[in-house]
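In my numbering, the protein residues as written are 1 to 722.
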């Protein structure tokens with residue numbers, strides 16, 4: 001017993017986990033320190049270990065700052081393949097709900113031949129591993145599973161009908177009997193369920209829904225939304241609830257209607273979340289005063305009302321070329337909540353004072369009433385700034401103040417070393433009949449950057465306020481790159497005789513310096529892609545892990561509550577922070593709050609996957625008939641089975657299988673992200689530019705396959721354009 005009074009050295013991670021596990025109830029850091037009889041630096045060490053274990057998901061910290069063992073996934077698990085993410089990877093989800101709340105999405109590691117034959121809807125037995133804060137799975141075997149829907153095009157043949165899957169990862173066709181066709185005709189997009197029967201080795205399916213012909217207006221959108229399980233239908237009670245919302249009273253709100261606040265958005269935007277204003281301060285340390293006013297969605301959408309429950313389920317709005325699937329009913333998103341010009345609208349605003357270098361001096365939040373003086377587009381504001389356009393409802397003095405404040409904030413951004421990967425946005429433009437007309441690459445203007453920086457500084461203010469007041473917050477986290485990814489990047493850079501500084505303590509400014517030093521190199525696109533692949537995925541969580549890419553310790557999404565539920569939650573917490581007489585809006589149990597972060601990360605990735613799939617399908621339809629045409633391209637991804645490329649003319653993505661690279665035998669070098677011929681005479685690496693020929697276009701799967709021209713010529717013999 002005498003040994004218990006002896007001061008112990010810092011416990012190991014294993015001892016710490018075992019100690020917490022022995023306690024039935026959650027335990028504080030102080031109780032842990034006392035339990036191990038720790039003093040001095042050893043007490044500090046324990047906090048570092050606790051933080052590591054919390055980040056890794058081994059333990060969790062409750063709102064009372066006590067710790068308990070977190071629920072973990074078992075080493076072997078049954079999962080369903082649920083969707084393909086925006087990078088082309090397959091996402092899995094546990095079939096048991098208690099595990100799905102721990103990890104709604106698990107990434108499938110494609111490390112064997114069997115993993116490349118898995119499609120959405122398959123049920124798998126997998127081995128689970130955890131890297132940083134992300135679960136990954138290796139396939140053990142595929143399980144029989146017939147309940148998940150499959151999607152395809154019905155094809156009528158002489159001896160019966162078959163279904164060709166719309167996923168390029170599913171190669172086998174299905175048989176459908178006459179009595180299971182549900183009036184589907186040749187060429188229809190159909191939703192099917194798999195039956196037990198097999199004919200000639202092929203599975204039989206039953207058609208449950210007909211979505212129309214592939215070329216019908218809206219058919220691509222219907223297919224993409226169905227495949228990604230995105231909620232579309234709005235129940236009548238939600239519509240009624242939205243229509244019965246009353247306009248916000250002005251009482252108790254700061255009157256901002258005398259300020260010429262403006263919204264600046266894309267030309268085709270339909271909902272307006274945010275308005276901005278700025279003025280120059282002539283004397284004192286403060287040089288610029290900024291006001292960012294955001295639609296007060298929290299006034300209209302109350303916790304647990306029908307609109308709120310549906311918005312939480314959706315998580316965010318989804319933007320496809322032919323439609324928007326809004327998070328909120330249109331009566332709110334396009335009307336009551338939208339900051340429409342010359343209409344009184346309730347808002348949650350933040351006033352921010354900054355100095356000449358863009359450093360924030362102070363900020364304060366307020367509930368206000370505003371009236372937008374103009375609905376402007378990015379192009380209009382840029383033209384006005386460049387004095388190409390003068391007839392706009394925005395005073396030159398106000399424009400100068402907006403840009404002056406922006407330039408100051410941009411200085412602060414550059415000083416802290418925030419990462420800026422400038423990949424152009426690609427957008428499908430549809431014609432009058434709903435068919436793709438062209439692919440447009442959006443040029444990034446300073447007017448875009450102005451709004452981005454105003455929104456970022458407003459988001460910083462939101463996170464800092466909630467942190468300071470110890471109120472719950474859904475943070476927008478972007479964790480540091482993992483050691484494995486940094487090592488992979490360094491090996492790739494070494495193959496180019498380049499180096500990433502920073503050792504094991506890499507900061508965003510190290511990536512910025514690398515980008516600056518290689519800006520004029522021929523393979524700068526490959527370097528940008530490699531840096532992008534090194535980054536962790538951003539996610540939502542009530543635990544603050546900072547934002548690596550923006551070089552920020554505190555960050556939360558606050559500026560888009562019409563289209564993101566995370567922002568609505570942050571609004572509610574900020575309103576509570578104002579200590580008004582209104583009933584508190586944030587009353588979410590710890591477990592629900594943590595699962596909310598995971599759910600919103602899932603719905604965000606679900607939307608991104610749908611948007612990416614829609615782009616690919618429309619691009620394939622746009623290019624159909626141009627087989628044999630040649631195009632410049634650059635390599636965006638390298639795998640052992642081939643190259644992923646982007647066509648220069650229109651930004652469409654295509655695949656070049658290794659079998660079409662010629663007669664050479666190629667080996668995949670993972671370190672340098674390259675396919676290298678055994679005789680070392682040829683090499684295809686990330687970022688390389690090349691001429692490709694369109695080999696085939698499958699409008700059913702949305703897959704564009706390219707090859708190298710047979711003559712190897714760099715000249716385009718049959719050019720194509722949008």
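Don't be surprised by glycine CBs; every beta carbon is placed ideally from N, CA and C.
Neighbour-count burial assignment, residue 160, 16 or more Cβ in a 10 Å radius: When all chains shown are included, residue 160 counts as exposed.
Where the alpha helix (DSSP H) containing residue 529 begins and where it ends: For residue 529, the enclosing alpha helix (DSSP H) stretches over residues 524–534.
Proximity below 9 Å, CB of residue 139 to CB of residue 127: Taking 9 Å as the cut-off, the Cβ atoms of residue 139 and residue 127 count as close.
Beta-carbon gap between residue 547 and residue 417 smaller than 9 Å: For residue 547 and residue 417, no; Cβs fall outside 9 Å.
Contact belief for residue 254 with residue 327 at Cβ below 8 Å, rounded distance in angstroms: Between residue 327 and residue 254 the Cβ distance is about 27 Å, and since that is not below 8 Å, they are no contact.
Identity of the residues DSSP links to residue 792 by a beta bridge: The structure shown does not extend to residue 792, since the chain is modelled only from 1 through 722, so no value can be given for it.
Beta-carbon proximity check, residue 661 vs residue 682, cutoff 9 Å: Yes. Within cutoff.
6 Å Cβ shell around residue 550 - same chain, five flanking residues per side excluded: Leaving aside the five residues that flank residue 550 on each side, the residues in its chain whose CB is nearer than 6 Å to its CB run, in chain order, 418.
Whole-angstrom C-beta distance between residue 287 and residue 354, which should lie under 8 Å: Between the beta-carbon of residue 354 and that of residue 287 there is about 7 Å, and that keeps the pair under the 8 Å contact cut.
According to DSSP, residues forming a beta bridge with residue 684: DSSP output for residue 684 lists 675 as bridge partner(s).
Start-end ranges of the beta strand (DSSP E) lying completely within the region 335–400, minimum 3 residues: Segments of the beta strand (DSSP E) lying fully in the region 335–400: 344–354, 360–371, 374–377.
Meets three-Cβ-pair contact criterion under 8 Å: the region 599–616 and the region 481–499: Taking 8 Å as the limit for Cβ pairs, the verdict is that the region 481–499 does not touch the region 599–616.
Closest by C-alpha distance to residue 202, when choosing among 209, 403, 172: If you compare the alpha carbons of 209, 403, 172 with that of residue 202, the shortest gap goes to 172.
Inter-residue CB distance, residue 332 and residue 245 (contact presumed, cutoff 8 Å): About 7 Å separates the two Cβ atoms, so the contact holds.
Neighbour-count burial assignment, residue 517, 16 or more Cβ in a 10 Å radius: Residue 517 comes out exposed.
Beta strand (DSSP E) runs wholly inside the region 611–639, at least 3 long, in chain order: The qualifying runs are 630–639.
Proximity below 9 Å, CB of residue 16 to CB of residue 32: At the C-beta level, residue 16 and residue 32 come within 9 Å of one another.
Rounded straight-line distance, which links the Cα of residue 282 to that of residue 377: Cα to Cα, the separation comes out at about 29 Å.
Nearest residue (CA-CA) to residue 190, options 210, 621, 205, 653: The alpha carbon of residue 190 has as its nearest neighbour, out of 210, 621, 205, 653, the alpha carbon of 210.
Length of the line joining the Cα atoms of residue 66 and residue 351: When rounded, the distance between both Cα atoms is 35 Å.
Status (buried if at least 16 other CB within 10 Å, exposed otherwise) for residue 280: It is exposed - the Cβ of residue 280 has fewer than 16 other Cβ atoms within 10 Å.
Spatial distance of residue 772 from residue 556 (CA atoms): For the chain, the structure presents residues 1 to 722; residue 772 sits outside this window and is missing.
Collapsed DSSP secondary structure at residue 708 in the structure displayed: Coil at residue 708, not helix or strand.
DSSP state of residue 329 mapped onto helix, strand, coil: In the three-state DSSP reduction, residue 329 falls in the coil class, being neither helix nor strand.
Proximity below 9 Å, CB of residue 228 to CB of residue 610: Yes.
Exposed unless 16 or more other CB atoms sit within 10 angstroms - verdict on residue 423: Counting Cβ neighbours within 10 Å, residue 423 comes out exposed, since fewer than 16 surround it.
Cβ contact (3+ pairs, closer than 8 Å) linking the region 555–573 and the region 270–280: Segments in contact, yes.
Inter-residue Cα distance where the pair is residue 460 and residue 403: Residue 403 has its alpha-carbon roughly 20 Å from the corresponding atom of residue 460.
Among 529, 496, 479, 585, the one whose alpha carbon lies nearest that of residue 543: Scanning 529, 496, 479, 585 for the CA closest to the CA of residue 543 turns up 479.
According to DSSP, residues forming a beta bridge with residue 475: Residue 475 pairs with 541, 556.
For residue 647, three-class secondary structure by DSSP: The DSSP-derived three-state label of residue 647 is strand.
Three-state secondary structure assigned by DSSP to residue 129: In the three-state DSSP reduction, residue 129 falls in the strand class (E or B).
Which of helix, strand or coil DSSP assigns to residue 437: Residue state, collapsed to three classes: strand.
contact_flag[the region 567–582, the region 461–481] where n(CB pairs < 8 Å) is 3 or more: At 8 Å Cβ cutoff, the stretches touch.
Range covered by the alpha helix (DSSP H) that runs through residue 420: Unbroken run through residue 420: none, as it is neither H nor E.
N-terminal and C-terminal residue of the alpha helix (DSSP H) that residue 569 is part of: Run containing residue 569: 565–577, per the alpha helix (DSSP H) assignment.
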